[in-house]
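Asks:
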Amino acid sequence: MTQDHTTDRPDATPETPAPWRPSRTVAVVLAGGTGIRLGLGIPKQLLKIAGKPIIEHTLAVFDAAPEIDEIIVLMATGHVEQAQQIVDRAGFRKVSKVTEGGDTRNATTRIALDAVGEGDVNILFHDAVRPLVSARIVRECVNALWTYSAVDVAIPSADTIIQVDENDCITDIPVRATLRRGQTPQAFRSGTIREAYRRAEGDPHFAATDDCGVVLRYLPGTPIKVIDGSDENIKVTHPVDVHLADKLFQLAAAQAPRLTDHRSYTEELTGRTVVVFGGSYGIGHDLAELARQYGAQVFPFSRSSTGTHVERAEDVTAALKTAFEATGRIDHVVVTAGILEKGALADLDEETMDRVLQVNFVGPVIVARQSLPYLQQTKGQLLLYTSSSYTRGRAQYALYSATKAALVNLTQALSDEWAEFGVRVNCINPERTATPMRTKAFGEEPEHTLLAAETVARSSLDVLISDLTGQVIDVRRAPGEPAAVPAQPTAADTDRLANAG
Numbered sequence: 026m027t028q029d030h031t032t033d034r035p036d037a038t039p040e041t042p043a044p045w046r047p048s049r050t051v052a053v054v055l056a057g058g059t060g061i062r063l064g065l066g067i068p069k070q071l072l073k074i075a076g077k078p079i080i081e082h083t084l085a086v087f088d089a090a091p092e093i094d095e096i097i098v099l100m101a102t103g104h105v106e107q108a109q110q111i112v113d114r115a116g117f118r119k120v121s122k123v124t125e126g127g128d129t130r131n132a133t134t135r136i137a138l139d140a141v142g143e144g145d146v147n148i149l150f151h152d153a154v155r156p157l158v159s160a161r162i163v164r165e166c167v168n169a170l171w172t173y174s175a176v177d178v179a180i181p182s183a184d185t186i187i188q189v190d191e192n193d194c195i196t197d198i199p200v201r202a203t204l205r206r207g208q209t210p211q212a213f214r215s216g217t218i219r220e221a222y223r224r225a226e227g228d229p230h231f232a233a234t235d236d237c238g239v240v241l242r243y244l245p246g247t248p249i250k251v252i253d254g255s256d257e258n259i260k261v262t263h264p265v266d267v268h269l270a271d272k273l274f275q276l277a278a279a280q281a282p283r284l285t286d287h288r289s290y291t292e293e294l295t296g297r298t299v300v301v302f303g304g305s306y307g308i309g310h311d312l313a314e315l316a317r318q319y320g321a322q323v324f325p326f327s328r329s330s331t332g333t334h335v336e337r338a339e340d341v342t343a344a345l346k347t348a349f350e351a352t353g354r355i356d357h358v359v360v361t362a363g364i365l366e367k368g369a370l371a372d373l374d375e376e377t378m379d380r381v382l383q384v385n386f387v388g389p390v391i392v393a394r395q396s397l398p399y400l401q402q403t404k405g406q407l408l409l410y411t412s413s414s415y416t417r418g419r420a421q422y423a424l425y426s427a428t429k430a431a432l433v434n435l436t437q438a439l440s441d442e443w444a445e446f447g448v449r450v451n452c453i454n455p456e457r458t459a460t461p462m463r464t465k466a467f468g469e470e471p472e473h474t475l476l477a478a479e480t481v482a483r484s485s486l487d488v489l490i491s492d493l494t495g496q497v498i499d500v501r502r503a504p505g506e507p508a509a510v511p512a513q514p515t516a517a518d519t520d521r522l523a524n525a526g
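Sequential numbering from 26 applies to the sequence shown in my numbering.
1. With a threshold of 16 other CB atoms inside 10 Å of the CB of E191, please say whether the residue is buried or exposed.
2. Among A444, E220, I453 and L486, which has the Cα closest to the Cα of R114?
3. Considering T134, what are the terminal residues of the alpha helix (DSSP H) in which it resides?
4. Using DSSP's beta-bridge definition, name the partner residues of D197.
5. Just how far apart, CA to CA, sit L84 and V54?
6. Smallest Cα separation from K69: which of F213, A423, A101 and L424?
7. Among the residues of its own chain, which have a CB less than 6 Å from the CB of I308, if the five just before and after it don't count?
8. Since T411 and V433 should fall inside the 8 Å C-beta cutoff, what is the C-beta to C-beta distance between them, to a whole number of angstroms?
9. Quick one, are the C-beta atoms of A179 and G238 less than 8 Å apart?
10. Distance, Cα to Cα, W45 vs R214?
11. Check whether the segment 266-277 touches the segment 221-232, counting contact only when three or more Cβ pairs, one atom from each stretch, lie closer than 8 Å.
12. Quick one: what's got a C-beta closer than 6 Å to G418's C-beta in the same chain, skipping five residues either side?
13. Between I252 and I162, is the Cβ-Cβ spacing less than 8 Å?
14. Does DSSP put R224 in a helix, in a strand, or in coil?
15. Tell me which same chain residues have a C-beta within less than 7 Å of the C-beta of Y399, skipping the five on either side of it?
16. Compute the beta-carbon to beta-carbon distance between Y422 and L382, rounded to the nearest angstrom, for a pair I have assumed lies under 8 Å.
17. With DSSP as the reference, label K404 as helix, strand or coil.
18. Mark Q188 as exposed unless 16 or more other C-beta atoms lie within 10 angstroms of its C-beta, in which case mark it buried.
19. I need the DSSP call for R380, collapsed to helix, strand or coil.
20. Quick check on the DSSP output: the beta strand (DSSP E) that includes G207 runs from which residue to which?
21. Extract the residue ranges of the alpha helix (DSSP H) inside the segment 286-370, only unbroken runs of 4 or more that lie entirely within it.
22. So which of E314, L409 and S305 has the shortest CA-CA distance to R328?
23. List the residues that DSSP assigns as beta-bridge partners of V120.
24. Three-state secondary structure (DSSP) at A89?
25. Just grab the DSSP bridge partners of T262 for me.
26. Between R242 and T234, what straight-line distance do the alpha-carbon atoms span, to the nearest angstrom?
27. Would you be able to state if there are at least three C-beta pairs under 8 Å between the segment 437-455 and the segment 365-376?
28. Near L201, what residues of its chain come up, given a Cβ to Cβ distance below 7 Å and the 5 sequence neighbours on each side ignored?
29. Tell me where the alpha helix (DSSP H) around T428 begins and ends.
30. In angstroms with no decimal places, state the Cα-to-Cα distance between H263 and G207.
31. Can you list, in chain order, the residues of its chain whose CB lies under 6 Å from that of R164, leaving out five sequence neighbours each side?
32. Report the rounded CA-to-CA distance for Q144 versus S121, giving the unit in angstroms.
33. Three-state secondary structure (DSSP) at H268?
34. Less than 8 Å separating the beta-carbons of I148 and A56?
35. Helix, strand or coil: how does DSSP classify D374 here?
Structure, rendered in structure tokens:
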């Protein structure tokens, strides 16, 4: 069991000088919710966010935490089998048991304590629908148990809290500086939480919604240490929470871990086959060059260089076949091809509208369909590209914005559909990027306002070698980053097969 014996600031007196020697640390994931407030037909912890069920995100945090030795899942009645399937598919090594929870929080905690068994144990109770709990919070909770026998997690309240009577009239306004908003995990030495519940059994009015509250009420005088939570550690309870959590995962994914040196990239990419549609220049070209430098076998295709039209199924089939026959595998398929035609929708002719729709949306759909059999074999990844305009359509290029929004939905849908095959699907969302397509559409722009295509390419490479799926990864220009050199349109731009930007 790996644990850090450092303690928090001694701002409260430890309740006992006796040394604490737990045999293990167990995380109990409480997954008994039904999703009624979300208006769903399934428990909310099974709802998918960022390509995975919420409970899978949550379990992944504890399974990866070195401080945690064992995980027990208490699942909503009738859904234990589904939870077990998620555990098995994800390969969570630390999950020892998936069982039904109780009808109440009291009953669920008692089931958990019975499942943990006797002996001195650290126990962390965590809501399954808080999938954004951080490794830092888990670590600090476990560390605090070396000094305290009960630990809570909370954040300051940014809102003024009022107290009302039965007529909804204010009776008090507590001082905000002393208030906190509770989160989970809540952590305990096993003897403390067991004793609190033993004493509660004699109270006919006992009803708990919070385990620290049980300790506070039935073991008065026991210090309960409060660890700083985080604003991101939200509980998915209402429909708006689903959208917030999805966006928070997106922001977290934007920080996909970057390898530290050339050797690490080489180890990840040597022997891999990467197919890039739209690889003649801009982001696609830079990505192809980077991957090649690190040992990947790269096959770039575009209308200008190879006569490949992404909107033609026969061209895509031939391109993929070429790469596969040359290397015997395809690990990653990247689609940077796209066109941007400016002008009011009412002024565009049918030929232009059809071309935009075909290249920007139908093309990636065709590539996705044709790539799946190859990516299934390697458990690989499809990488698409959107634009910041996907969140709000832009006047004068409505179709471009619409197709980019469609690619985000395609990414999220395919990540769900292809999860059973082990194939990942992600989407890069770069800010304004210096590419031939952008220069052609908008002319010269101040260099300091543009992202370099190579920066987007490197972030794309990091996503390709990561375990991410179902994510929209924002790529932004970092403070101090050298100004991009605006790409100059070339003769190849006439065929409009350029890169997203």
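Ideal Cβ positions, reconstructed from N, Cα and C, are used throughout, including at glycine.
Since the structure is predicted, the reported quantities are computational estimates derived from the model, not experimental observations.
Replies: According to the structure shown:
1. Residue numbering aside, residue 191 sits at position 166 when the sequence shown is read from its first letter. Classification of E191: exposed, given that the 10 Å Cβ count is below 16.
2. Working through the sequence shown from its first residue, we reach residue 114 at position 89. Of the candidates A444, E220, I453 and L486, the one whose C-alpha sits nearest the C-alpha of R114 is A444.
3. Locating residue 134 in the sequence shown gives position 109, counting from the first residue. Counting along the chain, the alpha helix (DSSP H) containing T134 begins and ends at R130 to V141.
4. Looking up residue 197 in the sequence shown gives position 172. According to DSSP, which records beta bridges pairwise, D197 is partnered with Q188.
5. Taking the sequence shown and counting its residues from 1, the one referred to as residue 84 is at position 59. Taking the sequence shown and counting its residues from 1, the one referred to as residue 54 is at position 29. Their Cα atoms are separated by approximately 8 Å.
6. As a position in the sequence shown, residue 69 is number 44, starting the count at 1. For the set F213, A423, A101 and L424, the Cα lying nearest the Cα of K69 is the one of A101.
7. Counting from 1 along the sequence shown, the entry for residue 308 is found at position 283. Once the five neighbours on either side are set aside, the close Cβ partners of I308 are T361, A478, V481, A482 and N524.
8. What you label residue 411 is simply residue 386 of the sequence shown in a count that begins at 1. What you label residue 433 is simply residue 408 of the sequence shown in a count that begins at 1. Under the criterion of beta carbons closer than 8 Å, T411 and V433 qualify as touching, at roughly 5 Å.
9. As a position in the sequence shown, residue 179 is number 154, starting the count at 1. As a position in the sequence shown, residue 238 is number 213, starting the count at 1. Against a cut-off of 8 Å, the Cβ pair of G238 and A179 comes out as no contact.
10. Indexing the sequence shown from 1 puts residue 45 at position 20. Indexing the sequence shown from 1 puts residue 214 at position 189. Cα to Cα, W45 sits roughly 9 Å from R214.
11. Touching, no.
12. Within the sequence shown, numbered from 1, the residue matching residue 418 stands at position 393. Cβ within range, chain order: S426.
13. As a first step, residue 252 is located in the sequence shown; it is residue number 227 there, counting from the start. As a first step, residue 162 is located in the sequence shown; it is residue number 137 there, counting from the start. Cβ atoms of I252 and I162: closer than 8 Å.
14. Translated into positions along the sequence shown, residue 224 becomes position 199. If DSSP states are grouped into helix, strand and coil, R224 belongs with the helices.
15. In the sequence shown, residue 399 corresponds to position 374, counting from 1. Taken in chain order, the residues that qualify are L345, F349 and I355.
16. The residue given as residue 422 occupies position 397 in the sequence shown. The residue given as residue 382 occupies position 357 in the sequence shown. Going by Cβ atoms, the distance from Y422 to L382 rounds to 13 Å, so no, they are not a contact pair.
17. Here residue 404 corresponds to residue number 379 of the sequence shown, with the count starting at 1. When DSSP states are grouped into helix, strand and coil, K404 belongs to the coil group.
18. Your numbering for residue 188 matches position 163 in the sequence shown. Under this definition Q188 is an exposed residue.
19. The sequence position of residue 380 within the sequence shown is 355, counting from 1. Reduced to three states, the DSSP call for R380 is helix.
20. Here residue 207 refers to the residue found at position 182 when the sequence shown is read from its first residue. G207 -> beta strand (DSSP E) spans R205 to R214.
21. List check, alpha helix (DSSP H) in window: 287-294, 307-318, 328-331 and 338-352.
22. As a first step, residue 328 is located in the sequence shown; it is residue number 303 there, counting from the start. R328 has its Cα closest to that of S305, out of E314, L409 and S305.
23. Taking the first residue of the sequence shown as position 1, residue 120 is located at position 95. Paired residue(s): I96.
24. Looking up residue 89 in the sequence shown gives position 64. Annotated three-state conformation of A89 is helix, per DSSP.
25. Position 237 of the sequence shown holds residue 262. As computed with DSSP, T262 is found in no beta bridge at all.
26. Counting from 1 along the sequence shown, the entry for residue 242 is found at position 217. Counting from 1 along the sequence shown, the entry for residue 234 is found at position 209. Straight-line Cα distance between these residues: approximately 13 Å.
27. Note that the segment 365-376 does not touch the segment 437-455; fewer than 3 beta-carbon pairs, one per stretch, sit closer than 8 Å.
28. Position 176 of the sequence shown holds residue 201. The question names Leu, but residue 201 in the sequence shown is Arg. The answer, listed in chain order, is S182, T185 and I186.
29. Position 403 of the sequence shown, counted from the first residue, corresponds to residue 428. DSSP places T428 inside the alpha helix (DSSP H), whose first and last residues are A423 to E442.
30. Taking the first residue of the sequence shown as position 1, residue 263 is located at position 238. Taking the first residue of the sequence shown as position 1, residue 207 is located at position 182. Taking the straight line joining both Cα atoms gives about 17 Å.
31. Taking the sequence shown and counting its residues from 1, the one referred to as residue 164 is at position 139. Cβ within range, chain order: E92.
32. On the sequence shown, position 119 is the one that residue 144 refers to. On the sequence shown, position 96 is the one that residue 121 refers to. The sequence shown places Gly at residue 144, rather than the Gln named in the question. Going from the Cα of G144 to the Cα of S121 covers about 17 Å.
33. Against the sequence shown, residue 268 aligns to sequence position 243. For H268, the secondary structure class from DSSP, reduced to helix, strand or coil, is helix.
34. What you label residue 148 is simply residue 123 of the sequence shown in a count that begins at 1. What you label residue 56 is simply residue 31 of the sequence shown in a count that begins at 1. For the pair I148 and A56, the CB atoms are not nearer than the 8 Å cut-off.
35. As a working mapping, residue 374 is identified with position 349 in the sequence shown. Here D374 carries a coil assignment [DSSP, helix/strand/coil].
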